[in-house]
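Engineer: Mind having a look at this structure? Questions to follow.
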Amino acid sequence: MALLEVKNLISGYGKLKVLYNVSLEVREKGITVVVGPNGAGKTTLLNSIMGIATIYDGSITYDGVDITRLPTHKISKMGIAYLPQMGNVFTELTVGENLRLASYLLDKSEVKDRMDEVLSLFPILEKFINRKAGTLSGGERRMLAIAMALMRKPKLILLDEITTDLAPIIAKKVLKQVVDLRDKLGLTILIVEQMAKLALELGDYAYLLVSGTIRYSGKASELLNHPDFTELYLGIKKT
Ligand SMILES: Nc1ncnc2c1ncn2[C@@H]1O[C@H](COP(=O)(O)OP(=O)(O)OP(=O)(O)O)[C@@H](O)[C@H]1O
Ligand SMILES: [Mg+2]
Numbered sequence: 079m080a081l082l083e084v085k086n087l088i089s090g091y092g093k094l095k096v097l098y099n100v101s102l103e104v105r106e107k108g109i110t111v112v113v114g115p116n117g118a119g120k121t122t123l124l125n126s127i128m129g130i131a132t133i134y135d136g137s138i139t140y141d142g143v144d145i146t147r148l149p150t151h152k153i154s155k156m157g158i159a160y161l162p163q164m165g166n167v168f169t170e171l172t173v174g175e176n177l178r179l180a181s182y183l184l185d186k187s188e189v190k191d192r193m194d195e196v197l198s199l200f201p202i203l204e205k206f207i208n209r210k211a212g213t214l215s216g217g218e219r220r221m222l223a224i225a226m227a228l229m230r231k232p233k234l235i236l237l238d239e240i241t242t243d244l245a246p247i248i249a250k251k252v253l254k255q256v257v258d259l260r261d262k263l264g265l266t267i268l269i270v271e272q273m274a275k276l277a278l279e280l281g282d283y284a285y286l287l288v289s290g291t292i293r294y295s296g297k298a299s300e301l302l303n304h305p306d307f308t309e310l311y312l313g314i315k316k317t
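When you number the sequence shown by our numbering, it's gap-free, plus one each residue, and the end is 317.
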């Protein structure tokens with residue numbers, strides 16, 4: 079069953095149209111990956127889901143409810159967490175302060191339990207609880223950002239380029255955490271990645287977005303092995 083369904087979406091910013099007739103399904107408890115070159119519209123897709131971009135046409139349905147053009151805070155309250163591409167942790171605050179900040183909408187009584195639960199998923203963060211986020215390595219920072227997104231117990235999590243600038247081995251570790259979250263918490267995950275290969279290896283379903291339109295949809299493994307993949311997706315070398 080699709081937890082999130084985007085249908086014939088045309089969206090952008092102000093008068094600029096970025097996405098043209100984009101349709102996509104995010105199945106419950108699945109890992110759906112959207113890959114595409116720089117400027118393809120990947121972030122715009124997530125911004126559209128979260129009510130940040132301008133929607134001209136089409137619809138977005140979440141858990142059976144039409145969320146097209148709802149304000150962002152309402153969408154996030156419905157259980158969708160968004161990890162934006164940049165600036166997703168507060169570098170001057172400690173790990174613990176970042177996590178508390180991310181839980182500002184929770185009842186005070188809930189925060190401690192939630193924090194313990196999230197830290198048990200990321201033992202490394204527990205060790206660094208009093209360190210400023212700015213002193214964490216790139217990979218640790220990504221883990222913190224994911225942990226922050228989890229504080230409010232989302233059902234669906236939108237991850238924008240969580241492996242950018244990480245060494246491949248660290249990128250793999252971060253992505254493995256994401257798979258664990260699906261397995262342990264039953265989370266539904268939508269990942270947007272430019273570094274296509276790693277994400278496609280772990281994803282269930284994949285979409286290839288080029289110049290604001292969907293060029294491929296199907297099993298992630300099939301896209302990875304698609305003979306036209308390199309040609310379709312200029313900028314990524316098939317190794
Ligand atoms: N806030 C904005 N206002 C106006 N135009 C924007 C805005 N954000 C993005 N754009 C434009 O929309 C197009 C798609 O950008 P988007 O950020 O969605 O691409 P992307 O696929 O996420 O790229 P990248 O891989 O570099 O993150 C680009 O041409 C970009 O310049
Ligand atoms: Mg982007």
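Virtual Cβ for every residue (Gly too), placed ideally from N, Cα, C.
1) What is the rounded straight-line gap between the Cα of S126 and the Cα of T172?
2) Y294 and L102 look like a contact to me (Cβ under 8 Å); what is the Cβ gap, rounded to whole Å?
3) Between the alpha carbons of M221 and D194, how many angstroms are there, rounded?
4) Among all the DSSP beta bridges, which residues are the ones paired with G90?
5) For L183 and V189, what's the separation of their Cα atoms in angstroms?
6) Could you tell me the distance, in whole angstroms, from the CA atom of M273 to the CA atom of G174?
7) Considering only C-alpha positions, which residue in the set L82, L214, F168 and Q255 is nearest to D141?
8) If we ignore side chains and look at the alpha-carbon of each, how far apart do M79 and K107 end up?
9) For G217, which residues in the same chain have their Cβ closer than 7 Å to its Cβ, ignoring the five residues on either side in sequence?
Structural biologist: With the given structure in hand:
1) The alpha-carbon atoms of S126 and T172 are separated by roughly 31 Å.
2) A Cβ-Cβ distance of about 12 Å is found for the pair Y294 and L102, leaving them out of contact under the 8 Å criterion.
3) Each residue's Cα considered, the two are about 15 Å apart.
4) According to DSSP, which records beta bridges pairwise, G90 is partnered with K95 and T132.
5) Counting only the Cα atoms, V189 lies some 9 Å from L183.
6) Between M273 and G174, the C-alpha separation is close to 30 Å.
7) Ranking L82, L214, F168 and Q255 by Cα distance to D141 puts L82 first.
8) Taking the straight line from one Cα to the other gives about 9 Å.
9) Non-local C-beta neighbours of G217 in its own chain, meaning closer than 7 Å and more than five positions away in sequence, comprise L244, I248, K251 and V252, ordered along the chain.
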